[in-house]
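K.L.:
In my numbering, the protein residues as written are 61 to 181.
Every residue, glycine too, gets a C-beta built ideally from N, C-alpha and C.
The model shown is predicted, which means the values in this text are computed figures rather than measured ones.
The structure is given below, and queries will be raised subsequently.
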Ligand code: SF4
């Protein structure tokens, strides 16, 4: 039986949890969490970890050379590298408003890339 330690980031307590994993990769026991939300978080973090991707993209016809963006939902960690490569080729032009979709359906995930600031000139 294997063990994996995952720190829950559900709140500032940062509980250190331990997952016991059987030979088929199934979680059979979790200890160290203090609430059911934390238990759910570490289970999902083990099974399919996700992250919001934040990045900057190039601009055209703007006083700012780079512009900040993020995904509107978390992506599977296994997709982050491919998604970041796509953003290297993206260029934006003003005007853009915060929250505006910059790139829809990033790598066919159904997740959009949105502006995290205004770009007015
Ligand atoms: S297990 Fe619960 S109490 Fe502990 S860090 Fe996670 S959310 Fe907070």
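Where does residue 77 fall in DSSP's three states?
P.N.:
Start at 1 with the first residue of the chain shown, and residue 77 comes out as number 17. Residue state, collapsed to three classes: strand.
K.L.:
If you reduce the DSSP assignment to three classes, tell me which class residue 86 lands in.
P.N.:
Position 26 of the chain shown, counted from the start, is the residue given in the question as residue 86. Coil at residue 86, not helix or strand.
K.L.:
Considering only heavy atoms of the ligand SF4, does any lie closer than 7 Å to the CB of residue 170?
P.N.:
Residue mapping note: residue 170 aligns to position 110 of the chain shown, counting from 1. Incorrect: residue 170 has no Cβ contact closer than 7 Å to the ligand SF4.
K.L.:
In the segment 116 to 149, which residue ranges form an unbroken alpha helix (DSSP H) of at least 4 residues, counting only runs that do not cross its ends?
P.N.:
140 to 148
K.L.:
Touching or not, the segment 127 to 134 and the segment 163 to 178, by the rule of three or more beta carbon pairs under 8 Å?
P.N.:
yes
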